[in-house]
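From first to last, the protein sequence lines stand for chains C and W.
First residue of the first sequence: 2, per the working numbering; consecutive thereafter.
First residue of the second sequence: 553, per the working numbering; consecutive thereafter.
By construction, the Cβ of each residue, glycine as well, lies at the ideal position given by its N, Cα and C atoms.
Note sheet for the following structure.
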Amino acid sequence: MNPVRKKRLMIVLAILAGTGIAVALALTALQQNINLFYTPTQIAAGEAPQDARIRAGGLVKEGSVKRSTDSLLVDFVVTDGAAEVTIRFQGILPDLFREGQGIVALGKLDGEGVLLADEVLAKHDENYMPPEVTQALEQSGMMKHYEDGKQGSKQ
Amino acid sequence: MNWTWFHKWGSPKWFYEMSGRWLPWLGVAAILLLAVGLAWGLAFAPPEKYQLDSYRIIYIHVPAAFLAQSCYLLMAIAGVVSLVWKMKLADVALQQAAPIGAWLCFVSLVSGAIWGKPTWGTYWIWDARLTSMLILLFLYFGVIALGNAISNRDSAAKACAVLALVGAVNIPIIKYSVEFWNTLHQPATFTVTGKASMSADMWLPLLISVLGFYCFFATVLLMRMRLEVLRRESRASWVKAEVARLSGGNR
Numbered sequence: 002m003n004p005v006r007k008k009r010l011m012i013v014l015a016i017l018a019g020t021g022i023a024v025a026l027a028l029t030a031l032q033q034n035i036n037l038f039y040t041p042t043q044i045a046a047g048e049a050p051q052d053a054r055i056r057a058g059g060l061v062k063e064g065s066v067k068r069s070t071d072s073l074l075v076d077f078v079v080t081d082g083a084a085e086v087t088i089r090f091q092g093i094l095p096d097l098f099r100e101g102q103g104i105v106a107l108g109k110l111d112g113e114g115v116l117l118a119d120e121v122l123a124k125h126d127e128n129y130m131p132p133e134v135t136q137a138l139e140q141s142g143m144m145k146h147y148e149d150g151k152q153g154s155k156q
Numbered sequence: 553m554n555w556t557w558f559h560k561w562g563s564p565k566w567f568y569e570m571s572g573r574w575l576p577w578l579g580v581a582a583i584l585l586l587a588v589g590l591a592w593g594l595a596f597a598p599p600e601k602y603q604l605d606s607y608r609i610i611y612i613h614v615p616a617a618f619l620a621q622s623c624y625l626l627m628a629i630a631g632v633v634s635l636v637w638k639m640k641l642a643d644v645a646l647q648q649a650a651p652i653g654a655w656l657c658f659v660s661l662v663s664g665a666i667w668g669k670p671t672w673g674t675y676w677i678w679d680a681r682l683t684s685m686l687i688l689l690f691l692y693f694g695v696i697a698l699g700n701a702i703s704n705r706d707s708a709a710k711a712c713a714v715l716a717l718v719g720a721v722n723i724p725i726i727k728y729s730v731e732f733w734n735t736l737h738q739p740a741t742f743t744v745t746g747k748a749s750m751s752a753d754m755w756l757p758l759l760i761s762v763l764g765f766y767c768f769f770a771t772v773l774l775m776r777m778r779l780e781v782l783r784r785e786s787r788a789s790w791v792k793a794e795v796a797r798l799s800g801g802n803r
């Protein structure tokens, strides 16, 4: 390779390294800013703001889903093992929504501690919950319960 | 180190002759693989346990997303070659790959949105994977716009190469976004190494479909590049002879 090309290659690599480092730094800074959801425990403890849109995540409690007969209104309880929060949602739930499924709901808390959700999202993969939900479940010891339940249902 | 194989690419004539020989094979491979992969995946593969038939869009979504990223990587490599070695063909490849990549990126975003509504419950969420993929689409638009906006061919080549190179930083971000951050998008099912988290009768058609998309991409890229080479070298005698040969039947 002749010296001119070598020099140009070095400049190109320097551009690539420079932008790479800049972007990596920016993303590391953003990492601190990730909008973590509130667990039912945190909501029960009053840590979640009352008038802001928040995300709540957890497992849909078995046997807690109550559907209205004449509308799309549905009430269900999301639990992390330690505490529970009731979520009220009007709309079409994702196909993957079912009891025991990890979900994330976006909405506002009303005065009675019910989350009026305008969006309920389910994770894609059956065995995979949103990482945030998994983390919170591990902290509250619910994960083991969930895993046990899964193994139980396979047998 | 022997650079002969590399320097050959500096000759548009050599490229035109070689690509003419590869093109039929690639075209046939693309048609066969796409037909088999898509028919198998869309009609014969078993439905998924929970998503039932809606998961079948994976046979479009995943190959398109793969190609959108591979295409950008190819453009970045072409950008380096064009900046360092000033090879004209690299610039041709870069400019001609951009629209194909943009379409594939668009297809993966749209198919993902259609898939997201029934499974997640939303067409769009600003999670790391989806957002970085959208940025990739805008990078493609940027390269296309830059290439068309600058009339001086050398300046356009340089500007596009730098943008392709800088934008390549986005590719590892897309790839690892599902691992670095909490996203709604699930992590990769389809990895080269490690065990597949899919049964073989779902996984094989996906592999065939991905290979088919790669062959399709290569075919379309070579066709576009050949046309662009003829256009740029229109004053060369071999191009005049070739054009006369191609249009001979119509006279």
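>> Just to confirm my understanding: we take Q91 (chain C), look at its own chain, exclude 5 residues before and 5 after, and list those with CB closer than 8 Å. What are they?
In response: S72, L73, L74, V75
>> Tell me which residues share the same chain as R54 (chain C) and place their Cβ nearer than 7 Å to its Cβ, disregarding the 5 neighbours each side in the sequence.
In response: L107, G108, K109
> Quick one: what does DSSP say A617 (chain W) is sitting in, helix, strand or coil?
Replying inline: helix
> If you drop the 5 nearest sequence neighbours on each side, which residues of the same chain put their C-beta closer than 7 Å to that of A49 (chain C)?
Replying inline: Y39, Q43, I55, L110
> How many Å lie between G694 (chain W) and E63 (chain C) at the Cα?
Replying inline: 50 Å
>> Would G800 (chain W) pass as an interface residue toward chain C - the criterion being a Cβ-Cβ separation below 8 Å?
In response: no
>> Tell me which residues share the same chain as D643 (chain W) and place their Cβ nearer than 6 Å to its Cβ, disregarding the 5 neighbours each side in the sequence.
In response: S634, A709
> Closest by CA to A649 (chain W), which one among W:Y602, W:T771, W:L594?
Replying inline: W:T771
> Do we get a CB-CB distance below 8 Å when we pair T683 (chain W) with the residues of chain C?
Replying inline: no
> Listing by chain order, which chain W residues have their CB less than 7 Å from the CB of P41 (chain C)?
Replying inline: Here the premise fails: no neighbours, minimum Cβ distance about 18 Å.
> Bridge partners of D76 (chain C), per DSSP?
Replying inline: C:K67, C:R89
>> Please give me, in chain order, every unbroken run of the beta strand (DSSP E) with length at least 3 that falls completely inside the stretch 89-120 of chain C.
In response: 103-110
> Thinking C-alpha only, which one of W:S707, W:A740, W:F690 is nearest A720 (chain W)?
Replying inline: W:F690
> Mind pulling the chain W residues with CB within less than 8 Å of I16 (chain C)?
Replying inline: V714, L717, V718
> Which two residues bound the contiguous beta strand (DSSP E) that contains G47 (chain C)?
Replying inline: Element bounds for G47 (chain C): n/a, residue is neither H nor E.
>> For a test of the three-state rule: what should DSSP assign to R702 (chain W), helix, strand or coil?
In response: The question names Arg, yet the displayed sequence has Ile at residue 702 (chain W). Note: I702 (chain W) maps to coil in three-state DSSP.
> Roughly how many angstroms lie between the CA atoms of A45 (chain C) and V115 (chain C), to the nearest whole one?
Replying inline: 10 Å
> Where do the N-terminal and C-terminal ends of the beta strand (DSSP E) with I55 (chain C) fall, by residue?
Replying inline: 55-61
>> With distance defined between alpha-carbon atoms, name the residue in W:A796, W:W566, W:K638, W:S622 nearest to R6 (chain C).
In response: W:K638
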